[in-house]
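One structure below.
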Amino acid sequence: MLWVVLIIVVFIIVKFAIAASKQSVAVARQGGMCFKYKTLISYILEQEPRAKLKESAASVEIGYCGPSGCTSFFIMQTFGTVTIQWRVDNMYFGKHQIEWKFDENTDQHKMIDKIEYDLAEYQSNIMNKYK
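Counting in numbering that gives the first Met the number 0, the sequence shown runs from 0 upward without gaps.
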């Protein structure tokens with residue numbers, strides 16, 4: 000019985016690894032993450048020109064650390080979906096994170112609009128706690 004469970008687990012892991020590899024190849028064929036999401040990445044970099052960018056086969060990390068903390072955006076391509084995470088670790092306001100999921104073909108300007116709106120609302124709620 001244990002062998003059956005082990006075989007099933009190995010099969011699932013191999014199947015996932017193959018699918019992840021196909022995903023990376025598909026993104027590479029589209030020019031890579033920086034090319035595929037250039038509008039979104041350009042917008043993020045305009046907000047903080049000193050931010051550093053790191054690209055892998057299926058993700059991009061854009062981050063900046065200053066005197067009071069660090070802010071990062073992670074853009075990850077996964078099986079037809081793009082996941083965007085915003086993370087902040089600030090010495091005054093603590094740690095915060097928001098995550099968005101969009102279909103990979105969603106207009107990037109619509110992604111930006113949603114991210115801008117959600118961040119403004121979230122930050123407003125944080126600031127209201129300190130009034």
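Glycine included, every Cβ here is placed at the ideal spot set by N, Cα and C.
How is the beta strand (DSSP E) around residue i delimited, first residue to last?
{"i": "Ser67", "result": "Note, Ser67: premise wrong, no beta strand (DSSP E); not H, not E."}
{"i": "Asn89", "result": "Thr80 to Asn89"}
Looking at C-alpha atoms only, which residue of the options is the closest neighbour of residue i?
{"i": "Gly93", "options": "Thr38, Cys69, Met0 and Gly79", "result": "Cys69"}
{"i": "Asn89", "options": "Gly65, Ala119 and Ile83", "result": "Gly65"}
{"i": "Gln46", "options": "Ser67, Leu118, Lys109 and Glu54", "result": "Leu118"}
{"i": "Ser67", "options": "Tyr91, Gln122 and Ile40", "result": "Tyr91"}
{"i": "Tyr36", "options": "Gln107, Gly79, Val87 and Leu52", "result": "Gln107"}
{"i": "His95", "options": "Gln122, Lys128, Ile11 and Phe101", "result": "Gln122"}
{"i": "Arg86", "options": "Thr80, Gly62 and Ile6", "result": "Gly62"}
Between which two residues does the alpha helix (DSSP H) holding residue i run?
{"i": "Phe92", "result": "No alpha helix (DSSP H) holds Phe92; DSSP gives it neither H nor E."}
{"i": "Met32", "result": "Met32 to Lys35"}
{"i": "Asn127", "result": "Gln107 to Lys128"}
Open item on the list: Does the segment 49-63 come into contact with the segment 71-80, if we say contact requires no fewer than three beta-carbon pairs (one atom in each stretch) closer than 8 Å?
Closed with: yes
Open item on the list: If we require 3 or more residues per run, which beta strand (DSSP E) segments fall completely within the segment 41-67?
Closed with: 51-54 and 58-65
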